[in-house]
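Chemist:
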Ligand code: ZN
Ligand code: FE
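Numbering (this note's numbering), first residue to last: 140 to 391.
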C-alpha cells in the first residue's frame with residue numbers, strides 16, 4: 140500500500156491509496172476535482188472513491204472524478220442520500236476489499252450522523268476524516284458529545300503503531316491548544332519541535348499515530364487525572380471532561 144497526500148482547498152487532505160499487486164487506485168475524500176485529478180493522472184486510472192462523511196469539503200470531487208474515470212463510490216449506507224454518486228453501501232464493522240487491500244468500517248458518529256473511518260488492519264493505517272485529528276478532534280455538528288467521545292474511544296483501542304490519516308491540517312492550532320492545558324508534557328514538547336519544523340518547510344504533519352495521540356491529544360485523555368486536574372474538574376466523569384474540552388476548543 141502506498142499512500143500519497145494531496146493538499147486541497149485551504150487545509151484539506153485527500154489521499155491516494157495505490158495497491159501495486161492488482162494495480163488498484165483509490166482516493167479518500169476528494170475535496171475538489173482539479174487538485175485530485177492532477178495527481179490521479181500519474182496513475183492513469185481511479186478505481187474507487189472512499190468517503191468518510193458527507194461534508195462538501197470531502198465529497199465535492201466525487202461526481203466529476205467518477206465521470207472521468209468510471210470509478211465506484213464507496214460510503215456509509217445510512218448516509219446514501221447525502222453522498223453524491225454513491226455505488227457501494229457499507230455497514231458498521233463490515234470488511235470490504237479494494238484490490239488486494241481489506242479495510243474495516245468503524246462507525247464513528249458525532250461530527251456527522253453517518254461518519255465512518257476506514258481501518259486497514261494489516262497495513263496498520265486508519266483514515267479518520269473529521270473525527271480524530273492530529274492533537275484534536277472534529278467539531279460535534281450532528282451528534283452529541285457522548286457520541287463523539289464513544290467514537291474516539293473506538294479509535295483509541297487500535298494498535299498504537301496505527302498511522303492516522305485525517306481530513307485536515309489543523310495540527311498547529313491543535314498543538315497550541317494542547318500546550319495551553321498540558322504544558323509539562325514532555326512527549327507533547329517533543330512533538331511540537333517536529334510539527335513546527337514540518338510546518339516551516341510547508342510539509343504535512345500527517346500521519347500521526349494512535350500511540351502518539353494517546354500521549355498528547357487532550358481529547359483522547361478525558362480519563363487522565365493530569366487533564367482533569369488542569370481543568371479544575373478533578374472528580375468529573377470523562378464525559379464532562381470531553382464537553383469542557385470541546386467547549387474550550389470551540390472558543391479557542
Ligand atoms: Zn466535515
Ligand atoms: Fe472537513
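Ideal Cβ positions, reconstructed from N, Cα and C, are used throughout, including at glycine.
Just so it is clear, the structure is predicted and the values come from calculations on it, not from any experiment.
If you draw a straight line from the alpha carbon of residue 292 to that of residue 359, how long is it in whole angstroms?
Modeler: 7 Å
Chemist: Go through the residues and name those whose CB comes closer than 7 Å to any heavy atom of ligand 1, in chain order.
Modeler: 192, 194, 196, 197, 250, 251, 268, 269, 277 and 306
Chemist: Please go through the same chain and pick out, in chain order, the residues whose beta-carbon is closer than 8 Å to the beta-carbon of residue 382, but skip the five residues on each side of it.
Modeler: 284
Chemist: Once you ignore the five residues that flank residue 354 on each side, which residues in its own chain have a CB closer than 6 Å to its CB?
Modeler: 326
Chemist: Across which residues does DSSP place residue 364 in a beta bridge pair?
Modeler: The partner list for residue 364 (beta bridge, DSSP) is empty, contrary to what the question assumes.
Chemist: With distances taken from CA atoms, which of 163, 387, 154 and 262 is nearest residue 172?
Modeler: 154
Chemist: Where does the unbroken alpha helix (DSSP H) through residue 290 begin, and where does it stop?
Modeler: 284 to 295
Chemist: By Cβ distance below 6 Å, which residues in the same chain neighbour residue 356 in space, the five residues on each side in sequence not counted?
Modeler: 274
Chemist: Counting Cβ pairs, one atom from each stretch, are 3 or more of them under 8 Å apart for the region 229 to 246 and the region 162 to 182?
Modeler: yes
Chemist: Taking the DSSP output, what are the residues bridged to residue 146?
Modeler: 152
Chemist: Answer with buried or exposed for residue 256, where buried requires no fewer than 16 other C-beta atoms within 10 angstroms of its C-beta.
Modeler: buried
Chemist: Using three-state DSSP, classify residue 225 as helix, strand or coil.
Modeler: It is coil, neither helix nor strand.
Chemist: Under 8 Å, do residue 151 and residue 196 count as touching if we go by C-beta distance?
Modeler: yes
Chemist: Tell me whether residue 208 sits in a helix, a strand or coil according to DSSP, three-state version.
Modeler: helix
Chemist: Taking 8 Å as the cut-off, does the region 311 to 324 touch the region 358 to 374 (at least 3 CB pairs, one atom from each stretch)?
Modeler: yes
Chemist: Buried or exposed, going by whether 16 or more other CB atoms sit within 10 Å of the CB of residue 352?
Modeler: buried
Chemist: Beta-carbon separation of residue 227 and residue 299 under 8 Å?
Modeler: no
Chemist: With a threshold of 16 other CB atoms inside 10 Å of the CB of residue 374, please say whether the residue is buried or exposed.
Modeler: Residue 374 should be labelled exposed.
Chemist: Can you give me the C-alpha to C-alpha distance between residue 268 and residue 200, rounded to a whole angstrom?
Modeler: The alpha-carbon atoms of residue 268 and residue 200 are separated by roughly 15 Å.
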